[in-house]
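Engineer: Oh and the sequence shown: position 114 is 114 in the UniProt record's numbering, straight run, nothing missing.
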Amino acid sequence: MSKVFETYGVNCPVCGKPLLRPQILNKRTGQKMAGACPSCGYMEDINHREIPDNKALTASAHKNEALGYINTYSIFSSFDVFNRRFSNYTASSDASKQVLERSRTIANRIINGETIHTLMIGATGRGKTHLAVGMMYWILERSGYKLLKTVMKNGKPVETFFSWKIIFIDWRELIERKKQSFNDDQMAKQINKTMAEIKNADVVILDDFGSERGTEYSLDLADAFWRDRENKTVIVTTNLIGSDLTARYGDRTLSRMKNHGVNNGITFANIPDHRGLVE
1 MSKVFETYGV NCPVCGKPLL RPQILNKRTG QKMAGACPSC GYMEDINHRE
51 IPDNKALTAS AHKNEALGYI NTYSIFSSFD VFNRRFSNYT ASSDASKQVL
101 ERSRTIANRI INGETIHTLM IGATGRGKTH LAVGMMYWIL ERSGYKLLKT
151 VMKNGKPVET FFSWKIIFID WRELIERKKQ SFNDDQMAKQ INKTMAEIKN
201 ADVVILDDFG SERGTEYSLD LADAFWRDRE NKTVIVTTNL IGSDLTARYG
251 DRTLSRMKNH GVNNGITFAN IPDHRGLVE
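(1) Cutting at 8 Å between CB atoms, please list the residues of its own chain near valine 158, excluding the five before and the five after it.
(2) Using C-beta distances below 7 Å, list every residue in its chain close to glycine 134, excluding the 5 sequence neighbours before and after it, in chain order.
(3) Express the C-alpha separation of aspartate 273 and glutamate 197 in angstroms, rounding to a whole number.
(4) Touching or not, the stretch 246–264 and the stretch 122–137, by the rule of three or more beta carbon pairs under 8 Å?
(5) Do glycine 35 and valine 10 have their beta-carbon atoms positioned less than 8 Å apart in this structure?
(6) Going by other Cβ atoms of all chains shown within 10 Å of its Cβ, with 16 needed for buried, is glutamate 212 buried or exposed?
(7) When DSSP builds the beta bridges, which residues end up paired with alanine 36?
(8) Assign serine 143 to buried or exposed, taking buried as 16 or more other Cβ atoms, counted over all protein chains shown, within 10 Å of its Cβ.
(9) Our contact map puts threonine 237 next to threonine 129 with C-beta atoms below 8 Å; I'd like the distance itself, whole angstroms only.
(10) Quick one, are the C-beta atoms of asparagine 54 and glycine 16 less than 8 Å apart?
(11) So threonine 169 and valine 204 are supposed to be a Cβ contact under 8 Å. How far apart are they, rounded?
(12) Within 8 Å, do at least three Cβ pairs link the stretch 177–187 to the stretch 105–119?
(13) Thinking just about the alpha-carbon of each residue, which of Met33, Phe76, Asn64 and Cys12 is nearest to the one in glutamate 173?
(14) Would leucine 148 be called buried (16 or more neighbouring beta carbons within 10 Å of its own) or exposed?
(15) What does a CB cutoff of less than 7 Å around alanine 222 pick up in its chain, not counting 5 residues either side in sequence?
(16) From glycine 242 to phenylalanine 225, what distance separates their C-alpha atoms?
(17) Given a cut-off of 8 Å, decide if proline 18 and asparagine 64 are closer than it, judged by their beta-carbon atoms.
(18) Rounded C-beta distance between glutamate 6 and leucine 20? I'm assuming under 8 Å.
(19) Nearest CA to the CA of threonine 233: which residue from Thr160, Ser93 and Ala201?
(20) In whole angstroms, what is the alpha-carbon distance linking lysine 258 and glutamine 23?
(21) In the DSSP assignment, find the beta strand (DSSP E) that holds glycine 242 and state where it starts and stops.
(22) Let me confirm a value: glutamate 44 is counted as buried when at least 16 other C-beta atoms fall within 10 Å, else exposed. Which label applies?
(23) Rounded to whole angstroms, what is the Cα-Cα separation between asparagine 231 and serine 60?
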């Protein structure tokens, strides 16, 4: 362990790894400082120089619950995907600046309560996944990790804040794990939990849709996904254009994708390959 930082028995609510904090005390307060996760970048948001009030505790609870939900139900091949932000996207051309700004605009509309299907289309390595994850963090951070919903209480509609429920799905990884789960009961339980939450999540990021080898199994899975998300927000990244998607998945699935998708697409054209430029 570094002589500068120490663990203190608290794990990251996002990736589950131990948080680190400076070994030295805050010179002004004489107290330990807040911790952070070196793996995913999570930072504790309660000011440890003061006893947190109810407002600070509630804000922290929303953040931990929202990030914990992502970690619990998402399907991804590498945790590195969650290091993406708008702030570390390389916008080196007018085209890349335009897709960054459009991603930010759509994220703001999602914060404001719009149901959106946004299709991010472009060749491999153009930054689609980067900006999709950037949209997720923008939504969370700009809204204080919470959204306002109307629920029925004692027969009357009441507005209440809830923590965001966002899931990231690597489409190809999901298909592979679904197949593996036939012979793995523990994996089957995890996959089934994720599939159930796809129906409930406020936002689902569907990454690399269409990258799998076309089979009846993958077609059935796509059909089930879009039945569940037809009227709920989905952020999709894909290398396929509309006609390719129709040929792969059929008119019915594409029709569900188009619902809430008019004028919400983002095309990654005239953008260089970003891979190797950002981490």
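Cβ coordinates follow ideal geometry from the N, Cα and C atoms, glycine included.
Structural biologist: On the basis of the supplied data:
(1) Within the sequence shown, residue 158 is the residue found at index 158, counting from 1. Excluding residues within five positions, the ones whose Cβ falls inside 8 Å are Thr150, Val151 and Met152.
(2) Your numbering for residue 134 matches position 134 in the sequence shown. The answer, listed in chain order, is Arg84, Arg85, Phe86, Tyr89 and Ser103.
(3) The residue labelled residue 197 in the question sits at position 197 within the sequence shown. The residue labelled residue 273 in the question sits at position 273 within the sequence shown. Taking the straight line joining both Cα atoms gives about 33 Å.
(4) Touching, no.
(5) Within the sequence shown, the letter at position 10 stands for residue 10. Within the sequence shown, the letter at position 35 stands for residue 35. Yes.
(6) Your numbering for residue 212 matches position 212 in the sequence shown. That one is buried.
(7) Sequence index remark: in the sequence shown, residue 36 carries index 36 (1-based). The partner list for alanine 36 (beta bridge, DSSP) reads Leu20 and Met43.
(8) As a first step, residue 143 must be located in the sequence shown, where it is residue number 143. By the 10 Å Cβ count, serine 143 comes out buried.
(9) If you number the sequence shown from 1, residue 237 lands on position 237. If you number the sequence shown from 1, residue 129 lands on position 129. Between threonine 129 and threonine 237 the Cβ distance is about 5 Å, and since that is below 8 Å, they are a contact.
(10) Residue 54 sits at position 54 when you count from the first residue of the sequence shown. Residue 16 sits at position 16 when you count from the first residue of the sequence shown. Contact flag unset, no.
(11) Taking the sequence shown and counting its residues from 1, one reaches residue 169 at position 169. Taking the sequence shown and counting its residues from 1, one reaches residue 204 at position 204. Reading the sequence as shown, one finds isoleucine at residue 169 and not threonine. Yes, they are in contact, since the Cβ atoms of isoleucine 169 and valine 204 sit about 6 Å apart, within 8 Å.
(12) Taking 8 Å as the limit for Cβ pairs, the verdict is that the stretch 177–187 does not touch the stretch 105–119.
(13) Numbered from 1 along the sequence shown, position 173 holds the residue referred to as residue 173. Looking at the Cα atoms, Phe76 is the closest of the given residues.
(14) Counted from its first residue, the sequence shown places residue 148 at position 148. With fewer than 16 Cβ atoms within 10 Å of its Cβ, leucine 148 is classed as exposed.
(15) On the sequence shown, residue 222 is found 222 positions in, with the first residue counted as 1. Same-chain partners within the cutoff: Tyr249 and Thr253.
(16) Your numbering for residue 242 matches position 242 in the sequence shown. Your numbering for residue 225 matches position 225 in the sequence shown. The straight-line gap from Cα to Cα measures roughly 18 Å.
(17) Your numbering for residue 64 matches position 64 in the sequence shown. Your numbering for residue 18 matches position 18 in the sequence shown. The Cβ-Cβ distance between asparagine 64 and proline 18 does not fall below 8 Å.
(18) Working through the sequence shown from its first residue, we reach residue 6 at position 6. Working through the sequence shown from its first residue, we reach residue 20 at position 20. The C-beta separation of glutamate 6 from leucine 20 comes to about 7 Å, placing the pair in contact by the 8 Å criterion.
(19) Taking the first residue of the sequence shown as 1, we reach residue 233 at position 233. Ala201 is the residue among Thr160, Ser93 and Ala201 whose C-alpha sits nearest the C-alpha of threonine 233.
(20) Stepping through the sequence shown from its first residue, residue 258 is reached at position 258. Stepping through the sequence shown from its first residue, residue 23 is reached at position 23. Using only the alpha carbons, I get a separation of about 53 Å.
(21) In the sequence shown, residue 242 corresponds to position 242, counting from 1. The continuous stretches of beta strand (DSSP E) do not include glycine 242, which lies in the alpha helix (DSSP H) extending over residues 242–249.
(22) Working through the sequence shown from its first residue, we reach residue 44 at position 44. The residue is buried, with at least 16 neighbouring Cβ atoms inside 10 Å.
(23) In the sequence shown, counting from the first residue as 1, residue 231 sits at position 231. In the sequence shown, counting from the first residue as 1, residue 60 sits at position 60. Using only the alpha carbons, I get a separation of about 30 Å.
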